[in-house]
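So the sequences go chain by chain: A and B. With the first letter of the first sequence counted as 1, position 31 gets the number 31 in the numbering used here; the numbers rise by one all the way through. Just remember that the numbering used here sits 262 ahead of the position in the second sequence, which is counted from 1. Cβ atoms here follow ideal geometry from the backbone N, Cα and C, with glycine treated the same way. Here's the structure we're looking at; comments come further down.
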Amino acid sequence: MGMMRVRDVMSDDPVSVPPGTDLVDAARLMRRMGIRSLLVREEHSEPPRYVGIVTGTDLAGRVLAEEPHAPVTVGEIMTFPLLTIDYNEPLRRANEEMVRHHVRHLVVTRGGAPVAIISARDLLLPEEEVEGAIPFWPHHLLKEVVAALLVIAIMLVFVWLSPAPMLEQADPFVTPEHIKPEWYFLAAYQFLKFAEVFRFLGGWAPKMLGVGLMGIVPVLLVFFPFFDPGPERNPRKRPVAISFGIACTVMFIAFTLWGHFS
Amino acid sequence: MGRWFGKLWPFKRERNPDSGEGLRNVLNIASLFTGVLYGELDERLDFRAALSKALRKPVPAHVNFWFCFGGIAFLIFLIQVVTGVALLLYYRPTVDQAYASVVHITNVVPFGWLTRGFHHWGANLIMVVVMIHALRVFMYGAYKPPRDFNWVVGSLLMFGLLIFGFSGYLLPWNSLSYWATVVGAEIPGAIPLIGDDLVYFIKGGDTVGQLALTRFFAFHVVLMPLAMMVLLLMHFLMIRRLGISGPL
Ligand code: HEM
């Protein structure tokens with residue numbers, strides 16, 4: 001799965017010109033399209049039948065270097081016959097072919113029909129390329145779609161087994177017995193109740209200290225990277241930060257459970 | 263049959279003469295839907311070429327199971343948007359009618375129970391998923407520079423979700439949601455100086471009544487979605503620009 005194939009880096013829709021094309025026009029076309037090679041197609045062939053290829057290197061080596069008796073049309077300098085490779089081949093094979101034939105471009109075929117070009121430049125692996133990487137499209141996206149369907153399936157099962165609750169209408173004059181917030185607020189809620197232990201400091205203390213200590217949490221969360229900016233990322237080499245993180249997580253879970261069962 | 267259909271189907275393409283033409287023409291119908299990337303529409307509009315750099319961006323090998331929780335959070339966020347808009351078609355944000363409209367959605371509106379169920383579970387699951395996501399980022403040290411600002415944006419997203427949860431909870435106007443709001447809205451009152459004003463701002467008055475409901479409704483369906491979209495855009499642009507954090 002991890003292997004990159006020709007189809008993952010090839011350039012689709014190759015640009016082609018007839019053999020009679022003037023070399024200056026060909027060079028301008030390449031510049032305008034931002035490409036480094038042109039396929040040469042048989043005159044009036046539809047769909048195009050490719051017979052050769054002209055590259056920027058050819059323009060330098062077979063045209064400029066030949067002045068003043070330089071050729072003038074694409075047909076005179078093109079390389080032929082074309083070397084091809086199937087779009088399903090691994091990139092390594094494309095590389096081998098180019099090295100073996102001393103060329104920098106191959107025509108990519110699919111079911112025998114030419115569909116794209118792959119150049120030595122395409123083989124210079126893209127940014128972040130590392131051994132075993134997979135292209136986003138379609139390999140990674142396929143995984144994402146499978147994951148998304150799984151998530152939706154799980155939600156469906158939850159909805160089916162436990163539908164959204166239907167309680168009685170709110171009545172401002174009847175206070176229910178157990179008022180508890182949603183579970184993700186439970187830890188905060190329980191901590192505020194826990195802050196009653198500060199009552200020995202005075203009547204103001206539980207609320208002020210509870211909310212005050214709780215106010216540290218968002219600040220710590222938002223600005224955490226600025227408290228711990230060192231470049232080390234490996235968890236084994238960040239014992240302080242990791243212990244702190246685990247302690248916070250355990251506290252959060254403990255207070256949530258406490259809030260739930262009290 | 264395939265031949266017959268091939269004759270009827272107006273879009274014909276003969277790139278690859280040796281594969282079954284009829285079947286391919288049938289599959290081409292799908293390109294009207296998937297055509298942005300493949301097939302007939304792409305042939306005309308060339309999206310694939312335009313997107314090719316993005317589409318070919320390789321996903322590094324160290325990206326494992328734990329890296330998918332941010333994406334799952336985003337998926338659930340989208341589900342919340344879709345189901346939320348659907349609920350909005352029937353929900354009535356007044357003290358007199360809110361509860362009745364939710365009952366109506368649940369019991370009468372076709373698939374109302376399903377829509378509400380998804381919105382309910384989505385709200386809870388996104389919290390779990392985002393917490394796992396933040397823990398993953400923490401454990402991998404992915405919050406370190408240059409991704410420190412994205413951690414800040416991420417934590418703002420987390421607070422955004424909490425405000426989403428708090429404001430949405432009141433909307434059905436049932437006993438629990440009402441009283442949890444009455445209690446919860448008082449908590450910021452302990453903050454020195456601005457506490458009382460903050461409580462007043464949240465409730466829109468001295469008690470939790472119609473103004474509070476209107477206010478929570480506005481936050482839940484307009485202000486927070488907009489704020490979240492801006493934050494999500496920043497979050498994703500930064501990921502795109504910086505790339506995912508490298509192997510450990
Ligand atoms: C609605 C909530 C959120 C959504 C939809 C979301 C989405 C994502 C996605 C899709 C990624 C790509 C990598 C991955 O999935 O692991 C990501 C990366 C990241 N997220 Fe989030 N996120 C959310 C909340 C958060 C929170 C709460 C934090 C931290 C407090 C955070 C911090 C980060 C950071 C620092 C990265 C870069 C990680 C890396 O490069 O390895 N995000 N986020």
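Please name the residue, chosen from A:Ser162, A:Arg121, A:Leu83, that lies closest to threonine 109 (chain A) on a Cα-to-Cα basis. As a first step, residue 109 (chain A) is located in the first sequence; it is residue number 109 there, counting from the start. Here the closest residue by C-alpha is A:Leu83.
Measure the alpha-carbon distance for leucine 52 (chain A) versus methionine 490 (chain B) and round it to whole angstroms. Walking along the first sequence from the start, residue 52 (chain A) turns up at place 52. Walking along the second sequence from the start, residue 490 (chain B) turns up at place 228. With the sequence shown as reference, residue 52 (chain A) is identified as glycine, and leucine is not the correct amino acid for it. Inter-residue distance for glycine 52 (chain A) and methionine 490 (chain B) is about 54 Å (C-alpha atoms, whole angstroms).
Under 8 Å between C-beta atoms of histidine 105 (chain A) and threonine 55 (chain A): Here residue 105 (chain A) corresponds to residue number 105 of the first sequence, with the count starting at 1. Here residue 55 (chain A) corresponds to residue number 55 of the first sequence, with the count starting at 1. Against a cut-off of 8 Å, the Cβ pair of threonine 55 (chain A) and histidine 105 (chain A) comes out as a contact.
DSSP three-state label for histidine 105 (chain A), please. Here residue 105 (chain A) is taken as the residue at index 105 of the first sequence, counted from 1. Strand.
Alpha carbon to alpha carbon, how far is leucine 473 (chain B) from tryptophan 258 (chain A)? Looking up residue 473 (chain B) in the second sequence gives position 211. Looking up residue 258 (chain A) in the first sequence gives position 258. In a straight line, the C-alpha of leucine 473 (chain B) is about 34 Å away from that of tryptophan 258 (chain A).
Ordered along the chain, which non-local residues of its own chain (more than five positions away) have a Cβ less than 8 Å from that of threonine 368 (chain B)? Residue numbering aside, residue 368 (chain B) sits at position 106 when the second sequence is read from its first letter. Excluding residues within five positions, the ones whose Cβ falls inside 8 Å are Gly374, Trp375, Arg378.
Any non-hydrogen atom of the ligand HEM closer than 7 Å to methionine 420 (chain B) Cβ: Mapped onto the second sequence, residue 420 (chain B) falls at position 158. It does: the Cβ of methionine 420 (chain B) is within 7 Å (strictly closer) of some heavy atom of the ligand HEM.
Status (buried if at least 16 other CB within 10 Å, exposed otherwise) for serine 439 (chain B): The residue you call residue 439 (chain B) lines up with position 177 of the second sequence. When all chains shown are included, serine 439 (chain B) counts as buried.
Below-8 Å beta-carbon distance, histidine 395 (chain B) vs any chain A residue: Position 133 of the second sequence, counted from the first residue, corresponds to residue 395 (chain B). Not a single C-beta of chain A is nearer than 8 Å to the C-beta of histidine 395 (chain B).
Please identify, using Cβ separations under 9 Å, the residues of the stretch 382-408 of chain B that lie next to chain A, in order along the chain. Listed in chain order, the positions of the stretch 382-408 of chain B with a beta carbon within less than 9 Å of a beta carbon of chain A are His382, Trp383, Gly384, Ala385, Asn386, Leu387, Met389, Val390, Val391, Met393, Ala396, Leu397, Phe400, Met401, Tyr402, Gly403, Ala404, Tyr405, Lys406, Pro407.
Would you mind sorting glutamine 359 (chain B) into buried or exposed? The rule is 16 or more other CB atoms within 10 Å of its CB. Taking the first residue of the second sequence as 1, we reach residue 359 (chain B) at position 97. Exposed is the call here.
The alpha helix (DSSP H) that contains isoleucine 154 (chain A), what's its start and end? One-based indexing of the first sequence puts residue 154 (chain A) at position 154. Run containing isoleucine 154 (chain A): 141-161, per the alpha helix (DSSP H) assignment.
Going along chain A, which residues have a C-beta under 9 Å from threonine 368 (chain B)? Working through the second sequence from its first residue, we reach residue 368 (chain B) at position 106. Simply Pro163, Ala164, Met166.
Residues bridged to leucine 38 (chain A) (per DSSP): For this step, residue 38 (chain A) is matched to residue 38 along the first sequence. In the DSSP output, where bridge partners are listed per residue, leucine 38 (chain A) has A:Val54.
Proline 229 (chain A) and aspartate 410 (chain B) look like a contact to me (Cβ under 8 Å); what is the Cβ gap, rounded to whole Å? For the purposes of this step, residue 229 (chain A) is taken as residue 229 along the first sequence, with counting starting at 1. For the purposes of this step, residue 410 (chain B) is taken as residue 148 along the second sequence, with counting starting at 1. The Cβ separation is near 7 Å, so the contact holds.
Answer yes or no: the CB of tyrosine 405 (chain B) versus the heavy atoms of the ligand HEM, is any distance below 7 Å? Walking along the second sequence from the start, residue 405 (chain B) turns up at place 143. Yes, the beta carbon of tyrosine 405 (chain B) sits closer than 7 Å to at least one heavy atom of the ligand HEM.
In chain order, which continuous runs of the alpha helix (DSSP H) of length 4 or greater are located wholly inside the stretch 184-231 of chain A? Within the stretch 184-231 of chain A, the runs of alpha helix (DSSP H) that reach at least 4 residues and sit entirely inside it are, in chain order, 205-227.
Simplified DSSP state of isoleucine 85 (chain A), which is helix, strand or coil: One-based indexing of the first sequence puts residue 85 (chain A) at position 85. Isoleucine 85 (chain A) falls in the strand class under three-state DSSP.
With DSSP as the reference, label aspartate 468 (chain B) as helix, strand or coil. As a position in the second sequence, residue 468 (chain B) is number 206, starting the count at 1. In the three-state DSSP reduction, aspartate 468 (chain B) falls in the coil class, being neither helix nor strand.
Segment limits, beta strand (DSSP E) that includes proline 239 (chain A): Within the first sequence, the letter at position 239 stands for residue 239 (chain A). First-last for proline 239 (chain A): 239-261, but that is the alpha helix (DSSP H), not the beta strand (DSSP E).
Just to check, is the beta-carbon of leucine 23 (chain A) closer than 7 Å to a non-hydrogen atom of the ligand HEM? Along the first sequence, read from residue 1 onward, the residue named residue 23 (chain A) stands at position 23. No, the Cβ of leucine 23 (chain A) stays beyond 7 Å of every heavy atom of the ligand HEM.
Looking at the unbroken alpha helix (DSSP H) that takes in serine 119 (chain A), where does it start and where does it end? On the first sequence, residue 119 (chain A) is found 119 positions in, with the first residue counted as 1. Where serine 119 (chain A) is concerned, there is no enclosing alpha helix (DSSP H), although the beta strand (DSSP E) it sits in stretches over 113-119.
Any chain B beta carbon closer than 8 Å to threonine 57 (chain A): Position 57 of the first sequence, counted from the start, is the residue given in the question as residue 57 (chain A). Answer no: the Cβ-Cβ gap between threonine 57 (chain A) and chain B never drops below 8 Å.
Can you name the residues of chain B whose CB is closer than 7 Å to the CB of methionine 171 (chain A)? Sequence index remark: in the first sequence, residue 171 (chain A) carries index 171 (1-based). Position check: residue 171 (chain A) holds aspartate in this sequence, whereas methionine was assumed. Neighbours of aspartate 171 (chain A) on chain B, chain order: Ser437.
Just to confirm the assignment, what range does the alpha helix (DSSP H) spanning proline 487 (chain B) have? Taking the first residue of the second sequence as 1, we reach residue 487 (chain B) at position 225. Taken as a continuous stretch (DSSP letters only), the alpha helix (DSSP H) holding proline 487 (chain B) covers 486-504.
Return yes when at least one heavy atom of the ligand HEM lies under 7 Å from the C-beta of tryptophan 375 (chain B), else no. Within the second sequence, the letter at position 113 stands for residue 375 (chain B). For tryptophan 375 (chain B), the distance from the CB to the nearest heavy atom of the ligand HEM is not below 7 Å.
If I measure Cβ to Cβ from asparagine 95 (chain A) and keep anything under 7 Å in the same chain, skipping five residues before and after, which residues do I get? Locating residue 95 (chain A) in the first sequence gives position 95, counting from the first residue. So the qualifying residues of the chain are Leu123.
Rounded separation between serine 507 (chain B) and methionine 393 (chain B) - CA only: As a working mapping, residue 507 (chain B) is identified with position 245 in the second sequence. As a working mapping, residue 393 (chain B) is identified with position 131 in the second sequence. Answer to the nearest angstrom: the Cα atoms are 18 Å apart.
Should alanine 148 (chain A) be counted as a contact of the ligand HEM given a C-beta to heavy atom distance under 7 Å? For the purposes of this step, residue 148 (chain A) is taken as the residue at position 148 of the first sequence. With a cutoff of 7 Å, alanine 148 (chain A) does not count as near the ligand HEM, since its C-beta is closer than that to no heavy atom of the ligand.
From the DSSP output, read off the bridge partner residues of proline 90 (chain A). Your numbering for residue 90 (chain A) matches position 90 in the first sequence. Its beta-bridge partners are A:Arg5.
Where does the unbroken alpha helix (DSSP H) through arginine 409 (chain B) begin, and where does it stop? As a position in the second sequence, residue 409 (chain B) is number 147, starting the count at 1. That residue, arginine 409 (chain B), is in no alpha helix (DSSP H); it is neither H nor E in DSSP.
Per-residue contacts from aspartate 358 (chain B) into chain A (C-beta, under 7 Å): The residue given as residue 358 (chain B) occupies position 96 in the second sequence. Within chain A, no residue comes near aspartate 358 (chain B); the closest Cβ sits about 10 Å away, beyond 7 Å.
For isoleucine 453 (chain B), collect the residues of the same chain with a Cβ closer than 7 Å to its Cβ; drop the 5 residues on either side in sequence, then sort them by chain order. In the second sequence, counting from the first residue as 1, residue 453 (chain B) sits at position 191. Only residues of its own chain outside the window of five on either side were considered, and among them Leu460 have a CB closer than 7 Å to the CB of isoleucine 453 (chain B), listed in chain order.
Using only the heavy atoms of the ligand HEM, determine whether one of them is closer than 7 Å to the beta carbon of tyrosine 402 (chain B). Taking the second sequence and counting its residues from 1, the one referred to as residue 402 (chain B) is at position 140. Yes, the Cβ of tyrosine 402 (chain B) comes within 7 Å of a heavy atom of the ligand HEM.
According to DSSP, which residues form a beta bridge with proline 135 (chain A)? As a working mapping, residue 135 (chain A) is identified with position 135 in the first sequence. Paired residues: B:Pro320.
Cβ of tyrosine 462 (chain B) less than 8 Å from any chain A Cβ? Position 200 of the second sequence holds residue 462 (chain B). Chain A, which has no Cβ nearer than 8 Å to the Cβ of tyrosine 462 (chain B), makes this no.
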